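Trainee: Numbering (the working numbering), first residue to last: 1400 to 1535.
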């Protein structure tokens, strides 16, 4: 009988922002929540509550964004308002940081540094009048 319960909970898949699907893992959720500043025991309890929640058990697939909101709601219920804000904000900041890095890779050029060097040299050359030394 316990096997049926296990397979039921394993059927829930999480759709990541990238579109990738992965099985729901309450321990992974607890680790992420504890990194936001909640003791691991409370984070594990929150993850178990979400795993056993009626709204999640009725679905076969849930988005990572929905799970994140559910975690934030549970954190607020446990009087961890600032941690909930931190948890939600961290994901936004982390996503923005990754996006900015990917964008910089697309626009990165090997020529960029040499152009800056040539520009600096041109400014130095302008300072020296006609390339002649002012000392005699």
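Ideal Cβ positions, reconstructed from N, Cα and C, are used throughout, including at glycine. Just so it is clear, the structure is predicted and the values come from calculations on it, not from any experiment.
#1: Using a Cβ distance threshold of 8 Å, determine whether the stretch 1423 to 1438 contacts the stretch 1480 to 1490, with at least three qualifying pairs required.
#2: According to DSSP, simplified to helix, strand and coil, what is residue 1415?
#3: Can you check DSSP and say which residues form a bridge with residue 1482?
#4: Taking only three categories from DSSP, how would you classify residue 1472?
#5: Which two residues bound the contiguous alpha helix (DSSP H) that contains residue 1444?
#6: Going by beta carbon distance, what residues of the same chain come within less than 8 Å of residue 1473, once the five residues before and after it are set aside?
#7: Going straight from the alpha carbon of residue 1443 to that of residue 1428, what length do you get?
#8: Does DSSP classify residue 1459 as helix, strand or coil?
Mentor: Judging by the given coordinates:
#1: yes
#2: coil
#3: According to DSSP, which records beta bridges pairwise, residue 1482 is partnered with nothing at all.
#4: helix
#5: 1439 to 1451
#6: 1445, 1448, 1449
#7: 8 Å
#8: coil
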